[in-house]
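Per the numbering used here, the sequence shown starts with residue 5, numbered consecutively. Step one of this worksheet: look at the structure below.
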Amino acid sequence: MRSPSLDSGPIRSPRGAGNASRSANTSDRAHRRAIRTRLTVSGLCAVLLSVLLMWTPNMAPVWPVSTSPAAALASRALSTIDVTAVLTVLAALTVVALVRKLPYGIGVVIACVVGAEVTTALVRHLAASSTTATDLPSGQLVAVTALLGAASMVASATWRPMILGLGTVAALAVGVAQLVVGSVSPVGIVSALLITGVWWPACSVVMLFSPATAAREARNPFDTAALVAQRRMGRFR
Numbered sequence: 005m006r007s008p009s010l011d012s013g014p015i016r017s018p019r020g021a022g023n024a025s026r027s028a029n030t031s032d033r034a035h036r037r038a039i040r041t042r043l044t045v046s047g048l049c050a051v052l053l054s055v056l057l058m059w060t061p062n063m064a065p066v067w068p069v070s071t072s073p074a075a076a077l078a079s080r081a082l083s084t085i086d087v088t089a090v091l092t093v094l095a096a097l098t099v100v101a102l103v104r105k106l107p108y109g110i111g112v113v114i115a116c117v118v119g120a121e122v123t124t125a126l127v128r129h130l131a132a133s134s135t136t137a138t139d140l141p142s143g144q145l146v147a148v149t150a151l152l153g154a155a156s157m158v159a160s161a162t163w164r165p166m167i168l169g170l171g172t173v174a175a176l177a178v179g180v181a182q183l184v185v186g187s188v189s190p191v192g193i194v195s196a197l198l199i200t201g202v203w204w205p206a207c208s209v210v211m212l213f214s215p216a217t218a219a220r221e222a223r224n225p226f227d228t229a230a231l232v233a234q235r236r237m238g239r240f241r
């Protein structure tokens, strides 16, 4: 006699349940792999930044300061990237996160931009006595690349490729302008990119949880991301 199975008799397994389970497992593995990859990139950038800062004082060449007409034009363009401009774009990105109802969007935008800038200021302060000014990380380039990272995390899939493309062009333009002016050396450019490389992937890990959180808040508007974070913090105390 054939042994009974779930597909025979009064209890039947739902059609497609096995496929749904395999799809969920595959999605979970991809999610965990994405988290590991981004944290690895963030940690690797932090290590490379530390190595670069320790190696830089042993470098003899000093990046020359240019006084050519091109340098004057580049300096005028760089002067538009100030605190007011950065805060204006930061405010616009927080509005985008609010309109798109991204549970972690506002916090991630602020953390990515402010965290990168604070790290830049700290690195410049600690390394100022042993490193030339041109070899220190560029605050303007950090601001542009950090804003690019923040924008890519809160933008929709339709707009993200355009934002990444235009933002990359803007970052390259800022880097080239600073090299032309002579305010930053290639070492300062690389260290600035590494600082953004620490914060951008780390913050994007948080955004990986945003879709699930948004779905939960849609089911229960009172169960917000802040309340979930508070519950988890209380659980680990």
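Glycine included, each C-beta is placed from N, C-alpha and C at the ideal position. In this text, all values refer to a predicted model and were calculated from it rather than measured experimentally.
Just to check my reading of the structure: residue i and residue j have Cβ atoms closer than 8 Å, yes? What is that Cβ distance to the nearest angstrom?
| i | j | result |
| --- | --- | --- |
| L212 | I39 | 6 Å |
| L82 | Q144 | 6 Å |
| A150 | W203 | 6 Å |
| V209 | L91 | V209 to L91, Cβ: 25 Å. No contact. |
| T124 | I199 | 6 Å |
Measure from the alpha carbon of residue i to the alpha carbon of each residue in the options, then state which is nearest.
| i | options | result |
| --- | --- | --- |
| C207 | Y108, L140 and V87 | Y108 |
| G179 | M166, V87 and P141 | P141 |
| A76 | V202, A181 and L197 | A181 |
| L52 | V210, S214, P205 and G201 | G201 |
| A131 | V99, S195 and G47 | S195 |
| L170 | A159, L152, S214 and I193 | L152 |
| A175 | I193, P165 and V185 | I193 |
| V117 | S54, V191 and V148 | V148 |
| V93 | T41, R36, L56 and I110 | I110 |
| V99 | V113, T44, D86 and L198 | V113 |
| S54 | A115, L126, R42 and D32 | L126 |
| A120 | L183, A101, T88 and S46 | S46 |
Take the Cβ of residue i as the centre, count every other Cβ of all protein chains shown within 10 Å, and call the residue buried at 16 or more, exposed below.
| i | result |
| --- | --- |
| W163 | exposed |
| A161 | exposed |
| W59 | exposed |
| P8 | The predicted position of P8 is uncertain, since its pLDDT is 46 and thus under 50; no value can be drawn from it. |
| V122 | exposed |
| S187 | buried |
| R104 | exposed |
| H35 | exposed |
| P165 | exposed |
| D139 | buried |
| P73 | exposed |
Taking the alpha helix (DSSP H) that residue i belongs to, which residues open and close that run?
| i | result |
| --- | --- |
| G169 | R164 to V185 |
| R104 | Where R104 is concerned, there is no enclosing alpha helix (DSSP H), given that its DSSP letter is neither H nor E. |
| T200 | P190 to M211 |
| S79 | P73 to L82 |
Quick check: is any heavy atom of the ligand HEM less than 7 Å from the C-beta of residue i?
| i | result |
| --- | --- |
| Q182 | With respect to the ligand HEM, the structure shown offers nothing to examine, as it has no ligands at all. |
Minimum length 4: unbroken alpha helix (DSSP H) runs contained in the region 108-168: 109-131 and 143-158
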